[in-house]
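Under full-length UniProt numbering, the first residue of the sequence shown is numbered 1, with each subsequent residue one higher. Note that beta-carbon positions come from the ideal geometry of N, C-alpha and C, so glycine has one too. Below is one structure; the comments refer to it alone.
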Amino acid sequence: MRGKEPTLVLYDENGDEVENLGIDKWTTDTVEEYLNQILGMVKDHYKEILENKKTFLDSVVMAIRDPAGYLT
1 MRGKEPTLVL YDENGDEVEN LGIDKWTTDT VEEYLNQILG MVKDHYKEIL ENKKTFLDSV
61 VMAIRDPAGY LT
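Below is the structure:
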């Protein structure tokens with residue numbers, strides 16, 4: 001009896017499967033390149049989220065310091 005073909009399964013932050021790839025014909029280099037690409041996209045996504053939070057928090061701080069909006 002043969003085992004299962006190798007697969008790469010990616011999940012989102014909620015644990016839901018978002019991609020299921022058969023990688024039986026992939027080389028190690030191909031797997032590494034693909035994962036580096038995915039990790040780069042994830043890093044960029046979270047970097048953008050953090051930058052947006054910082055901008056939002058800066059706005060909140062400014063609103064607390066200057067509720068009438070005189071400093072803007």
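Spatial neighbours of residue i in its chain, beta-carbon cut-off 8 angstroms, leaving aside the 5 residues before and after
i: I38; result: L10
i: V18; result: L10, Y11, D12
Close Cβ partners of residue i (< 7 angstroms) along its chain, the five nearest in sequence each way excluded
i: N20; result: T7, V9
i: residue 73; result: No answer is possible for residue 73: the residues shown for the chain start at 1 and end at 72.
Whole-number beta carbon distance between residue j and residue i, since they are thought to touch under 8 angstroms
i: E48; j: G22; result: E48 to G22, Cβ: 31 angstroms. No contact.
Spatially closest choice to residue i from the options, by CA coordinates
i: G3; options: R65, T28, E51, D24; result: D24
- [ ] Would you mind listing the alpha helix (DSSP H) stretches within the UniProt domain "Selenoprotein F/M" (2-37) that are 4+ residues and don't spill past its ends, in chain order?
- [x] none
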